[in-house]
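When we follow the working numbering, the leftmost residue of the sequence shown carries the number 161, and every step to the right adds one.
Worksheet for the structure shown next.
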Amino acid sequence: MNRKAHAQLWLYFIGIIFITMFIAFILFAGVWFTLYKLDIIQVDPRVRHIPVVMFLMISVLLGTSIALFVGRVIILPLKSIIDAFDELSKGNFSVKVPVDGRIEEIREMSRHFNAMTYDLEHIETLRTDFVANVSHEFKTPIAAIEGYATLLQNPELTPEKHDHYLEIILDNSRRLSALSSNVLTLSKLENQELIVDKREFRLDEQIRKAILLLEAKWESRNIEFDMELPRQMYYGSEPLLTQVWINILDNAIKYSPEGGVISVNIFREQTYLNVTVSDHGEGMTQEVQKHAFEKFYQGDRSRKTEGNGLGLALVKRIVDLCGGFVTVKSEPGKGTDFSVYLPI
């Protein structure tokens with residue numbers, strides 16, 4: 161906000177104070193002269209103007225004092241808030257205003273403003289990180305496809321190398337396809353507040369089907385499943401929950417040792433159904449657990465080519481939309497337990 165605007169704000173405020181005092185003075189003077197003319201008040205004619213002059217001086221002093229005091233209490237905090245809005249409009253989301261004003265309403269306004277700028281700063285950081293991560297995740301497989309496609313143009317390539325390069329190109333194409341699908345799905349879910357395609361279905365059967373869909377992955381590593389899935393009906397979105405089980409199971413398979421066992425259980429609690437998937441793999445540190453459900457976060461960088469860091473973010477968003485929550489418990493070297501709680 162510029163100096164001219166600040167000056168106008170002060171002039172409006174001081175003008176209102178003095179206009180009020182002037183009206184009060186006119187009323188007082190009118191009443192005084194009326195009472196004097198009616199001889200209700202007896203005053204020496206030589207000093208009859210003294211009360212009016214005194215009240216005029218008192219009005220000026222009182223008006224000035226009130227203007228300065230109230231201006232300091234109201235105008236200055238409002239000025240700082242207006243300046244902060246000006247900074248906010250320029251994209252400065254780190255701006256803050258003091259919350260130690262004397263007036264509760266202004267303190268409350270300041271607290272809400274600071275909360276708003278904190279959220280905007282957080283959203284801007286997430287947006288910047290999201291764009292950077294998406295760009296990086298797309299750039300890597302595209303560069304691989306371009307590089308190996310260029311190598312395929314070599315007429316002296318052996319059939320083995322030709323097939324190997326083709327397989328790499330196909331793998332990266334699948335990775336691009338999965339990344340695009342996950343980004344679009346996550347974007348849609350983050351802008352969705354309600355689930356409308358609900359129906360009743362067998363939750364236990366849905367989990368078994370998700371395990372079968374991943375058969376090629378767990379069978380190639382000789383992984384077995386220890387399941388306790390009693391018959392359980394559930395009313396919800398079948399397509400969305402299928403994505404939840406596939407992502408969690410795929411994660412468990414990825415980090416399980418060769419010939420390992422994955423446990424899948426359904427427990428019925430008072431107000432929730434608890435679906436727990438446990439593996440006996442590498443486990444996670446506390447730091448990795450803290451960020452496990454963040455977009456594009458991958459704790460094990462050596463396995464970066466096996467995923468894009470969106471699977472658990474999708475899981476959390478879907479479970480949140482269902483009105484439930486998801487937890488993770490893990491220790492390095494002792495495996496990981498993912499528990500999904502769905503309201504019943």
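For glycine and all other residues, C-beta sits at the position ideal for the given N, C-alpha and C.
A quick note: this is a predicted structure, and the numbers were derived from the prediction, not measured.
Glutamine 313 to serine 340 span [Cα, whole Å]: Locating residue 313 in the sequence shown gives position 153, where the first residue counts as 1. Locating residue 340 in the sequence shown gives position 180, where the first residue counts as 1. Each residue's CA atom was taken as its position, placing glutamine 313 and serine 340 some 28 Å apart.
Cutoff 7 Å; reference asparagine 522; Cβ partners in own chain excluding five residues on either side: Beyond the ends of the chain as shown, which are 161 and 504, falls residue 522; an answer cannot be given.
Methionine 276 versus glycine 483: straight-line alpha-carbon distance, rounded: Here residue 276 refers to the residue found at position 116 of the sequence shown. Here residue 483 refers to the residue found at position 323 of the sequence shown. Computed Cα separation, rounded: 26 Å.
Nonlocal neighbours in the same chain, by C-beta distance under 8 Å from threonine 431, ignoring five residues either side: Sequence index remark: in the sequence shown, residue 431 carries index 271 (1-based). Counting only Cβ-Cβ distances below 8 Å, and skipping sequence neighbours, we find Pro503, Ile504.
Rounded straight-line distance, which links the Cα of leucine 374 to that of aspartate 410: Translated into the one-based positions of the sequence shown, residue 410 becomes position 250. Translated into the one-based positions of the sequence shown, residue 374 becomes position 214. CA-to-CA, the gap between aspartate 410 and leucine 374 works out to about 7 Å.
Contact the region 428-447 vs the region 469-479: 3+ CB pairs below 8 Å: Taking a contact to require three or more Cβ pairs closer than 8 Å, the region 428-447 and the region 469-479 do not qualify as touching.
Cross-strand partners of arginine 362 (DSSP beta bridge): Position 202 of the sequence shown holds residue 362. Answer is Met393, bridged to arginine 362.
Span of the alpha helix (DSSP H), counted from its first residue to its last, around isoleucine 478: Against the sequence shown, residue 478 aligns to sequence position 318. Membership of isoleucine 478 in the alpha helix (DSSP H) is indicated by the continuous run 471-481.
Distance, lysine 321 Cα to glutamine 153 Cα: Because residue 153 is not part of the residues shown, which for the chain are 161 to 504, the question remains open.
With 16 other Cβ atoms within 10 Å as the buried cut-off, status of isoleucine 302: Locating residue 302 in the sequence shown gives position 142, counting from the first residue. Classification of isoleucine 302: exposed, given that the 10 Å Cβ count is below 16.
Chain-order list of residues whose beta-carbon lies under 6 Å from that of histidine 440 (same chain, five-residue window excluded): Stepping through the sequence shown from its first residue, residue 440 is reached at position 280. Closer than 6 Å at Cβ, skipping near neighbours: Gly420, Gly495.
Presumed contact (8 Å Cβ cut-off) between serine 249 and valine 257, rounded CB distance: Walking along the sequence shown from the start, residue 249 turns up at place 89. Walking along the sequence shown from the start, residue 257 turns up at place 97. Incorrect: roughly 15 Å between the Cβ atoms, too far for contact.
Aspartate 386 vs serine 333 beta-carbon contact at 8 Å: Here the question's residue 386 lines up with position 226 in the sequence shown. Here the question's residue 333 lines up with position 173 in the sequence shown. In this structure, serine 333 does not lie closer than 8 Å to aspartate 386 by Cβ.
Spatial distance of alanine 309 from aspartate 323 (CA atoms): Here residue 309 refers to the residue found at position 149 of the sequence shown. Here residue 323 refers to the residue found at position 163 of the sequence shown. Distance between the alpha carbons of alanine 309 and aspartate 323: 12 Å.
For serine 438, the three-state DSSP class (helix, strand or coil): Position 278 of the sequence shown, counted from the start, is the residue given in the question as residue 438. In this structure, serine 438 counts as strand in the three-state DSSP scheme.
Limits of the unbroken alpha helix (DSSP H) element including leucine 248: As a first step, residue 248 is located in the sequence shown; it is residue number 88 there, counting from the start. Its alpha helix (DSSP H) spans residues 236-249.
Limits of the unbroken alpha helix (DSSP H) element including glutamate 429: What you label residue 429 is simply residue 269 of the sequence shown in a count that begins at 1. Run containing glutamate 429: none; DSSP gives neither H nor E here.
With 16 other Cβ atoms within 10 Å as the buried cut-off, status of isoleucine 179: Along the sequence shown, read from residue 1 onward, the residue named residue 179 stands at position 19. By the Cβ neighbour-count rule, isoleucine 179 is exposed, with fewer than 16 other Cβ atoms within 10 Å of its own.
Pairwise C-alpha distance: isoleucine 478 and isoleucine 266: In the sequence shown, residue 266 corresponds to position 106, counting from 1. In the sequence shown, residue 478 corresponds to position 318, counting from 1. If I take the Cα positions, the gap works out to 39 Å.
For glutamate 316, three-class secondary structure by DSSP: The sequence position of residue 316 within the sequence shown is 156, counting from 1. In the three-state reduction of the DSSP assignment, glutamate 316 falls in the coil class.
Alpha carbon of lysine 455 to alpha carbon of threonine 345, nearest angstrom: Against the sequence shown, residue 455 aligns to sequence position 295. Against the sequence shown, residue 345 aligns to sequence position 185. Whole-angstrom Cα-Cα distance: 13 Å.
Pair within 8 Å by beta-carbon distance, aspartate 497 and isoleucine 426: On the sequence shown, position 337 is the one that residue 497 refers to. On the sequence shown, position 266 is the one that residue 426 refers to. No, the pair does not count as a contact, with Cβ atoms beyond the cut-off.
Unbroken beta strand (DSSP E) run spanning valine 356, endpoints: The count along the sequence shown starts at 1 and reaches residue 356 at position 196. Premise fails: valine 356 is in no beta strand (DSSP E) and is neither H nor E.
Cβ shell of glutamate 491 (< 6 Å), same chain only, five flanking positions each side left out: Here residue 491 corresponds to residue number 331 of the sequence shown, with the count starting at 1. Excluding residues within five positions, the ones whose Cβ falls inside 6 Å are Gly443.
Residues that lysine 450 bridges to, as DSSP identifies them: As a working note, residue 450 is residue 290 in the sequence shown. Paired residue(s): none; lysine 450 is not in a bridge.
Contact check, isoleucine 355 vs leucine 474, beta carbons under 8 Å: As a position in the sequence shown, residue 355 is number 195, starting the count at 1. As a position in the sequence shown, residue 474 is number 314, starting the count at 1. No, they are not a contact pair.
Cross-strand partners of aspartate 331 (DSSP beta bridge): Residue numbering aside, residue 331 sits at position 171 when the sequence shown is read from its first letter. Per DSSP, none; premise fails for aspartate 331.
Simplified DSSP assignment, three categories, for tyrosine 501: Translated into positions along the sequence shown, residue 501 becomes position 341. Here tyrosine 501 sits in strand by DSSP.
Contacts around glutamate 353, its chain only, beta-carbon distance under 8 Å, and the 5 residues preceding and following it disregarded: Here residue 353 refers to the residue found at position 193 when the sequence shown is read from its first residue. Scanning its chain for C-beta atoms nearer than 8 Å, with the 5 sequence neighbours on each side dropped, one finds around glutamate 353 the residues Leu481, in chain order.
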